[in-house]
Amino acid sequence: MTNGRAYVSKADIRKNMRRARNGPGRNQSVGGRVDRSKGFSPDSFDRVLLDAPCSALGLRPRLFAGEETIESLRNHAKYQRRMFDQAVQLVRPGGIIVYSTCTINPGENEALVRYALDKYKYLSLAPQHPRIGGPGLVGSCEFPDGYIEEWLRPGEEDLVQRFDPSSPLDTIGFFIAKFLVGSKDT
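Numbering (our numbering), first residue to last: 1350 to 1535.
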């Protein structure tokens, strides 16, 4: 607060102008639900590729750089969890879900994997071939507001692939996790 007014960054001003021009965007949308839609029935797919909308923090050059906030990054992760929940409903037992993003943000990558494995006990990470990317991040992060974001546990890091733009591979930053869907009766 300065002179009784809250500080608003230039990035927030640009984001608000774009939102006014383009509408609320994907993170504020309600979205359809598998159980309420007239689309596909639960357990109707052998495989689902969820290339989730994300913060795109792995792209070079990053357009609109500096516009992401901790809150907006958390909103991306919430939206991705909702999409992942729908993917889990659509894949039959014995099927596969591949989750990918074009971001290096662990909140949208390793934290989603942690969420999935904790919520859906019948999911497991599967090895990926070919193996080109680096390991995922193990551990957690505590934010200034006390929120703790859990990432991968030891032994899980080699079952995902993290591509870092600063690595010798000279790729954009992205992430891939492959899940096997076990029996949903548990």
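Backbone N, C-alpha and C define an ideal beta-carbon position, used for all residues, glycine too. The structure presented is a predicted model; accordingly, all values stated were derived computationally and were not measured.
Inter-residue Cα distance where the pair is residue i and residue j
i            : j            : result
residue 1446 : residue 1438 : 11 Å
residue 1546 : residue 1387 : Any property of residue 1546 remains undetermined from this structure, which presents the chain solely from 1350 to 1535.
residue 1500 : residue 1443 : 25 Å
residue 1533 : residue 1392 : 10 Å
residue 1512 : residue 1403 : 15 Å
residue 1430 : residue 1522 : 20 Å
residue 1395 : residue 1361 : 42 Å
residue 1526 : residue 1423 : 19 Å
residue 1358 : residue 1367 : 14 Å
residue 1416 : residue 1485 : 25 Å
residue 1434 : residue 1460 : 14 Å
residue 1487 : residue 1370 : 40 Å
Where residue i sits in the DSSP three-state scheme
i            : result
residue 1530 : strand
residue 1378 : A caution first: residue 1378 carries a pLDDT of 46, below 50, which makes its placement in the model unreliable, though a value can still be read off. Residue state, collapsed to three classes: coil.
residue 1400 : strand
residue 1518 : coil
residue 1406 : coil
residue 1420 : helix
residue 1387 : coil
Strand pairing of residue i, partner residues [DSSP]
i            : result
residue 1434 : According to DSSP, residue 1434 bridges with nothing at all.
residue 1525 : 1449, 1510
residue 1357 : In the DSSP output, where bridge partners are listed per residue, residue 1357 has none listed.
residue 1394 : 1440
residue 1501 : 1487
Outcome for residue i when other beta-carbon atoms lying within 10 angstroms are tallied against a minimum of 16
i            : result
residue 1401 : buried
residue 1470 : exposed
residue 1428 : buried
residue 1455 : buried
residue 1458 : buried
residue 1524 : buried
residue 1420 : exposed
residue 1356 : exposed
residue 1518 : exposed
residue 1407 : buried
residue 1441 : exposed
Could you name each continuous alpha helix (DSSP H) segment of 4 residues or more that falls completely within the stretch 1448-1498, going from the start of the chain to the end? For the stretch 1448-1498, whole alpha helix (DSSP H) runs of length 4 or above, ordered along the chain, are 1459-1468.
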